[in-house]
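Each residue of the sequence shown is one higher than the one before, counting from 33 in my numbering.
Yeah, the Cβ is synthetic: ideal placement off N, Cα and C, and Gly gets one too.
Remember, predicted model here, so these are calculated numbers, not experimental data.
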Amino acid sequence: DNTLRTPVVDYGTKDKVDVIVTNPPFGGAEEKAISNSVSAELRNTENADLFLVHIMALLKDGGRCGLVLPDGFLFGTGVKSAIKKKLLEENDLHTIVRLPKDVFAPYTNINTNLLFFCKGHPTKGVWFYRLEMPAGYKHFSKTRPMLDKHFDPVREWWNNRIESEVSQHVPVEDIAASGDYNLDLCGFPHETVEILPPDEFIAQYLNEKAAISARIENILERITAAMEQQGDAL
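Here it is in structure tokens:
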């Protein structure tokens, strides 16, 4: 049986669970009739999106979930934005972990993430953690898969959360301000641009221009000297 066929409104108390841990299929599409199992504003034929809507319906208040979702959900718009809005407003999406590339190679090269949330309280802020490729690996493969020990960095960080080159905390207000509820925020740190006052900018430009001109002149002098020496040798 396809779980997604059951209308979410049909889930009763006996169907609700405390914990869901899942790696739902993604990258595929369900029949349009199956997408009718969720409300119109959340309706989508993409199976990963539908699974998330069903998961939110199946959790008890206080229930916890950890699941794998592709990057496309994080930055997706339209129906995906509506699903993310519901996720943030009705659940505490406290952590998103960006997994290294090729985690599921050779079966798929889609970039993936771990999402962790609890049902019953709205999100106040989301922690983003980027799990780097371990030392000695350029990519994962069937013969060199990701191992349990490769999760050690995020385990060490989990109970002592601080912002760093691989982690940051974003208030939910900032996420909602995008309008699309963009959750693709694991690509930090962002480069900052320093805007100088006009007089400082002009002075810096003239200094850099003078330094470059001096280097060019020095190079030309050395080329000229080398050519003269070569001429003397002939």
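- Taking every protein chain shown into account, the CB of Arg254 has fewer than 16 other CB atoms within 10 angstroms, so this residue is exposed.
- Taking Gly110 as reference, the option from Tyr213, Asp47 and Lys174 with the minimal CA-CA separation is Tyr213.
- Leu163 is positioned such that its CB atom lies no closer than 8 angstroms to that of Arg187.
- Around the Cβ of Phe233, a 10 Å sphere holds fewer than 16 other Cβ atoms; the residue is exposed.
- Rounded to whole angstroms, Tyr43 and Gly95 show a C-alpha spacing of 15 angstroms.
- According to DSSP, Leu125 shares a beta bridge with Phe149.
- Note: Pro177 is not bridge-paired with any residue in the DSSP secondary-structure output.
- Look at the beta carbons and you see the region 152-161 touching the region 106-122: at least three pairs across the two are nearer than 8 angstroms.
- Spatial neighbours of Val70 in its own chain (CB-CB distance under 7 angstroms, excluding positions within 5 residues in sequence) are listed in chain order as Val40, Leu82 and Val85.
- In this structure, Leu147 and Leu125 form a Cβ contact; the two beta carbons are roughly 7 angstroms apart against a cut-off of 8 angstroms.
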